[in-house]
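S.K.: Residue numbers for the sequence shown follow the numbering used here, beginning at 12 and rising by one. Sending over a structure as structure tokens; questions will come in a sec.
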Amino acid sequence: NKRNGHLFQDRFKSKIVKTDRYLLTLSAYIHNNPLKIKGYEKCPEKYKYSSLKVYLGLEK
């Protein structure tokens with residue numbers, strides 16, 4: 012292990028969401044990320060760390 016320092020050493024990056032369209036684009040991007048993980052390709056709503064279940068009305 013050749014790591015040093017904190018896990019998040021650099022400053023975080025942020026962007027202002029100015030339009031509803033951009034917000035929807037970001038939401039789709041974030042909720043589709045689990046599709047890249049083995050085992051979630053066909054069921055991203057089952058990913059433990061996603062709020063997709065709430066948006067789909069499967070959970071409160």
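All residues carry an ideal CB built from backbone N, CA and C; glycine is no exception.
Tell me whether the beta-carbon of Y51 lies closer than 8 Å to the beta-carbon of Y60.
M.R.: Position 40 of the sequence shown, counted from the first residue, corresponds to residue 51. Position 49 of the sequence shown, counted from the first residue, corresponds to residue 60. In this structure, Y60 does not lie closer than 8 Å to Y51 by Cβ.
S.K.: Counting only the same chain and skipping the five closest in sequence on each side, list residues whose C-beta sits under 7 Å from that of E70.
M.R.: The residue labelled residue 70 in the question sits at position 59 within the sequence shown. The answer, listed in chain order, is K64.
S.K.: Express the C-alpha separation of L67 and E56 in angstroms, rounding to a whole number.
M.R.: Here residue 56 refers to the residue found at position 45 when the sequence shown is read from its first residue. Here residue 67 refers to the residue found at position 56 when the sequence shown is read from its first residue. In a straight line, the C-alpha of E56 is about 8 Å away from that of L67.
S.K.: DSSP three-state call for I41: helix, strand or coil?
M.R.: In the sequence shown, the residue the question calls residue 41 occupies position 30. Of the three classes helix, strand and coil, the one that applies to I41 here is helix, per DSSP.
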